[in-house]
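A short write-up of the structure that comes next.
There are 2 protein chains.
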Amino acid sequence: MKKNVKTVKFGGTSLCDAEHFKLAAGIVKSDPDRRLVVPSAPGKRFAGDTKVTDLFYECYRLSRDGNPSEFERCYSEICGRFLSITAGLGLDFDISGELEFIRQAILHRSGRDYAASRGEYLNSLIMAKYLGFDFIDAENVIFFRDDGRLDSDKTDAALREELALHERAVIPGFYGLMPNGTVRTFSRGGSDITGAIVAAASSSSLYENWTDVSGFMMADPRIVPDAHVIREITYRELRELSYMGATVLHEDAIFPVRNAGIPINIRNTLDPSAPGTMIVGSAESFDHDRIITGIAGKRGFSVITIEHHQMHSQIGFGRRVLETIEEHGLSFEHLPSGIDTMGVIVQSAELNEKREKIIEALSRSVRPDSITVEDGIALIAVVGRGMVKYKGTAARVFKSVSDAGVNIRMIDQGSSELNIILGVDEEDFERAVSAIYREFVAS
Amino acid sequence: MKKNVKTVKFGGTSLCDAEHFKLAAGIVKSDPDRRLVVPSAPGKRFAGDTKVTDLFYECYRLSRDGNPSEFERCYSEICGRFLSITAGLGLDFDISGELEFIRQAILHRSGRDYAASRGEYLNSLIMAKYLGFDFIDAENVIFFRDDGRLDSDKTDAALREELALHERAVIPGFYGLMPNGTVRTFSRGGSDITGAIVAAASSSSLYENWTDVSGFMMADPRIVPDAHVIREITYRELRELSYMGATVLHEDAIFPVRNAGIPINIRNTLDPSAPGTMIVGSAESFDHDRIITGIAGKRGFSVITIEHHQMHSQIGFGRRVLETIEEHGLSFEHLPSGIDTMGVIVQSAELNEKREKIIEALSRSVRPDSITVEDGIALIAVVGRGMVKYKGTAARVFKSVSDAGVNIRMIDQGSSELNIILGVDEEDFERAVSAIYREFVAS
């Protein structure tokens, strides 16, 4: 392997047409270390457009259901997308043979995943030609096991062997090969996973993930319109935020690079000078203005409040409560407890059908003085590695939210010291997020 | 569903050519209850012939490896097999369209399992035509989950719904559909599984499995040439015998029918008047001449013998021995112990590489007076539900073997009272099996 390698993954909107292809190729060419490129399939060109992968899914369905005329119409739409890309790039590269083979394969039992994977396959063929890089088909280097899970050992060995043969290469995202020779895809968005696997196997110094946003925002921009981009976030912080609803990379896309100690850089294809968000194993330093890294939250929680005189003198009270909750297949999110009261916070959607049964079972198992259930709770996670150093952060969170006139229903400092969880009424959700953001960022 | 339904599965040798097809069809026609037929692919017609399924695997490989001329040669061999069957049956049924579609599919990424399954598919099409039965494609009624295991609930629901629409039908064995629309096969011999699933979903009164033998033999005919066929055997007895090496149905083929309380009848297509072997949940009666049901055995065991003065006064001695064995990834078969000695019987193949390490570890963990390992042990299982009633069976086994001049290295009456396990030197294996057989059957 070469010394300096960066693996560069492009999302679907970054490769939706010839103009975007040119931008992406320009980014690759501007840094000689960007040797390995993992493309997605062409995404939407405009609101209301259809992603090429969805067209392929549709063709699969039409073929399976025996609808030849609709199939031909749909497939010609796909052909049009790719032919306009090669034409727009001025490429002397005839993909009509490929398109005809794929058409035949979809008509001859190659399966849904094969069809769905062809957007990445064709985009990668085109990108390799356009960049002058080698093409490595993912089905020769990404392998699943018979149970459908990634065969990491086989994949890593095959990738390392193949990558050693190429100075620069394009590898399609999203798919690999089953032991029986059929194509299988990762779950949707799985090109991120391919990119991470390639970055790890190539011992890349960096895994760049080029998308249509400039990184992760410190708070949901629908709540805080001027929210800053997070410049640097640790994997652990990212997990806390994503668990609470922040949209992030697939967990499976983080594991391979985290394991190999390779940072991920989220970048914006349309704004390549912006530094984006850097996801790192551990942050050596942090910006002193940034005690918190990000804020995320979710609606739809319920609190079961159990009161019992001298609860704490009863050995095993909490255990019996949790056993009862678990026996009904519910998982709890938090367990705020006071003197003689205990709260169990659960997802309302999980609770709903079992509500009566659980109250009944709790009444039997712990014989409380009272049990009440309250819905309409939102949870907010305030996450930041800076909070460990800056004591008093919880108090500042508390005060800022109270000052905004929001009633705090629950507060829970995570054991990791990385986060503080707040429970508020759903109607106060936006106000609370906004108040916390202003307290720590804009003040 | 109709009241009286029998599901009838035919193995590959029973459908290897047109003449065998006629015999199989005659069997189906001779009993109006035989409404559901599950065919295998054409097997060997003579020693040295190639099974059609193996030809399909070969075609898959030749296509995958890009060897078009060899592929065409191999595929035309397959076409010949099926065309000679339809011709031999005098059928007015042109399968050349089917053969061309399959050829294209194998050339267009349908995968190994799709190719391998086409023998059953085509045989079933032909059998349905020849019998005048409906054809139900297994890919519409047998479903796998994403992890490759059978989706029993979905399969059972789809099968019941489909079977209700047909008076009589042929369903190909061996394969089903993955959620992504690709074909997946069971493991080799999986048509037995399809038959069992169909029998259960149709609430058949009987699952007939037609093969090229007249049932299970009481002992390996290579050791006891005149061994009788077992007329009736319980599922539990079958499990004991198969664990000890008797060739029986796939475990997965037994579960669906056992669960539904449907007996399996192993029959011989070339000798349809022979009653074969009936596998039942529980036997109400048993033949008084038949205290034992069968004898099976395996070579290749080793005994680790551990001696320790006053072993039994040491609490946890046995546990520490087994912990040490398990820590090295070995499973033990039997644990015969005497005063101050304990034997651990393991498979020699599992022991081999770890031999030194295990002896060392045992020396450390239980500090014995001595440890010896002896290879070349064969285990023999004598199985019979009659043994529960007839006390003294163990003594008869013991005496018959001793009288034959065989030294018994170990004897272990299983806790189920269904079996007695005997350890002998490998060179005495045949002699011991033969002696036991004569004692209980031929005397």
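As given, the protein sequences belong to chains A and B, one line each in that order. According to my numbering, the first sequence is numbered sequentially starting from 2. According to my numbering, the second sequence is numbered sequentially starting from 2. Backbone N, C-alpha and C define an ideal beta-carbon position, used for all residues, glycine too. Nothing here was measured: the structure is a model prediction, and the numbers come from that model.
Three-state secondary structure (DSSP) of residue i
{"i": "S111 (chain B)", "result": "coil"}
{"i": "H21 (chain B)", "result": "helix"}
{"i": "V425 (chain A)", "result": "strand"}
{"i": "S215 (chain B)", "result": "coil"}
{"i": "T183 (chain B)", "result": "coil"}
{"i": "I316 (chain B)", "result": "coil"}
{"i": "D135 (chain B)", "result": "strand"}
{"i": "R300 (chain B)", "result": "strand"}
{"i": "A436 (chain A)", "result": "helix"}
{"i": "M128 (chain A)", "result": "helix"}
{"i": "I143 (chain B)", "result": "coil"}
{"i": "I198 (chain A)", "result": "helix"}
{"i": "G191 (chain B)", "result": "coil"}
{"i": "L92 (chain B)", "result": "coil"}
{"i": "V230 (chain A)", "result": "strand"}
{"i": "L250 (chain A)", "result": "coil"}
{"i": "I28 (chain A)", "result": "helix"}
{"i": "G177 (chain A)", "result": "strand"}
{"i": "I224 (chain B)", "result": "coil"}
{"i": "M2 (chain A)", "result": "Note on M2 (chain A): pLDDT 44, under 50, position unreliable in the model; no value is reported."}
{"i": "F430 (chain A)", "result": "helix"}
For residue i: DSSP bridge partner residues
{"i": "Y208 (chain A)", "result": "A:T8 and A:I265"}
{"i": "I412 (chain A)", "result": "A:L423"}
{"i": "H335 (chain A)", "result": "A:I346"}
{"i": "F494 (chain B)", "result": "Chain B is shown only over 2 to 444; residue 494 (chain B) falls outside these bounds and no answer can be derived."}
{"i": "L37 (chain B)", "result": "B:T8 and B:A170"}
{"i": "I255 (chain B)", "result": "Bridge partners of I255 (chain B): none, in fact."}
{"i": "T278 (chain B)", "result": "B:I267"}
{"i": "G295 (chain B)", "result": "B:V384"}
{"i": "G49 (chain A)", "result": "DSSP lists no partner for G49 (chain A)."}
{"i": "G13 (chain A)", "result": "Its beta-bridge partners do not exist; DSSP assigns none."}
{"i": "I473 (chain B)", "result": "In the structure displayed, chain B extends from 2 to 444; residue 473 (chain B) sits before or after that span and is not available."}
{"i": "L63 (chain B)", "result": "DSSP, once it has assigned bridges, lists no residue as partnering L63 (chain B)."}
{"i": "E308 (chain B)", "result": "B:T342 and B:S371"}
{"i": "L151 (chain A)", "result": "A:F145"}
Beta-carbon separation (whole angstroms), residue i vs residue j, contact threshold 8 Å
{"i": "E71 (chain A)", "j": "L56 (chain A)", "result": "Contact doesn't hold; Cβ gap of about 12 Å is too wide."}
{"i": "Y242 (chain B)", "j": "A197 (chain B)", "result": "The amino acid occupying residue 242 (chain B) in the given sequence is Leu; Tyr does not appear at that position. Going by Cβ atoms, the distance from L242 (chain B) to A197 (chain B) rounds to 19 Å, so no, they are not a contact pair."}
{"i": "G12 (chain A)", "j": "S41 (chain A)", "result": "5 Å"}
{"i": "D341 (chain A)", "j": "G149 (chain B)", "result": "Their Cβ separation, rounded to whole angstroms, is 52 Å, which puts D341 (chain A) and G149 (chain B) out of contact at 8 Å."}
{"i": "L423 (chain A)", "j": "V442 (chain A)", "result": "That belief does not hold up - the Cβ atoms of L423 (chain A) and V442 (chain A) are roughly 17 Å apart, past 8 Å."}
{"i": "V114 (chain B)", "j": "Y176 (chain B)", "result": "It should be pointed out that residue 114 (chain B) corresponds to Asp in this sequence rather than to Val. Indeed, because the Cβ distance is near 7 Å, the residues count as touching under 8 Å."}
{"i": "R169 (chain B)", "j": "D135 (chain B)", "result": "7 Å"}
{"i": "D413 (chain B)", "j": "P337 (chain B)", "result": "6 Å"}
{"i": "R259 (chain A)", "j": "G282 (chain A)", "result": "7 Å"}
{"i": "E252 (chain B)", "j": "V184 (chain B)", "result": "Rounded, the Cβ-Cβ distance is 23 Å, inconsistent with contact."}
{"i": "R386 (chain B)", "j": "T294 (chain B)", "result": "7 Å"}
{"i": "V304 (chain A)", "j": "G344 (chain A)", "result": "5 Å"}
{"i": "I1 (chain A)", "j": "A433 (chain A)", "result": "The question about residue 1 (chain A) has no answer, for chain A in this structure spans 2 to 444."}
{"i": "P180 (chain B)", "j": "D138 (chain B)", "result": "That pair is no contact at about 17 Å."}
Next on the checklist: So within the segment 345-407 of chain A, which uninterrupted beta strand (DSSP E) runs reach at least 3 residues, ignoring any that extend past its ends?
Outcome noted: Listed in chain order, the complete beta strand (DSSP E) runs (minimum 3 residues) inside the segment 345-407 of chain A are 371-384.
Checklist entry - Which residues, in order along the segment 150-172 of chain A, keep a beta-carbon less than 7 Å from a beta-carbon of chain B? => result Residues passing the 7 Å Cβ filter: none.
Next on the checklist: Any C-beta of chain A within less than 7 Å: which residues of the segment 205-228 of chain B qualify?
Outcome noted: Of all residues in the segment 205-228 of chain B, none is placed with a Cβ closer than 7 Å to any Cβ belonging to chain A.
Item to check | the segment 117-130 of chain A: positions lying closer than 9 Å to chain B by Cβ | outcome: Listed by position, the residues of the segment 117-130 of chain A near chain B (Cβ gap below 9 Å) are A117.
Next on the checklist: Using a Cβ-Cβ cutoff of 9 Å, what residues of the segment 347-364 of chain B are near chain A? List them in chain order.
Outcome noted: For the segment 347-364 of chain B, the set of residues with a beta-carbon nearer than 9 Å to any beta-carbon of chain A is empty.
Checklist entry - What residues from the segment 242-258 of chain B come within 8 Å of chain A, judged by C-beta to C-beta, listed N to C? => result Those residues of the segment 242-258 of chain B that come within reach of chain A (Cβ to Cβ, closer than 8 Å) do not exist; the list is empty.
Item to check | Under 9 Å (Cβ pairs) to chain A, residues found in the segment 170-196 of chain B | outcome: Close to chain A, meaning a Cβ-Cβ distance shorter than 9 Å, are the following residues of the segment 170-196 of chain B: M179, P180, N181, G182, T183, V184, R185 and T186.
Checklist entry - Listed in chain order, which residues of the segment 43-62 of chain B have Cβ atoms closer than 8 Å to some Cβ of chain A? => result So the close ones are Y61.
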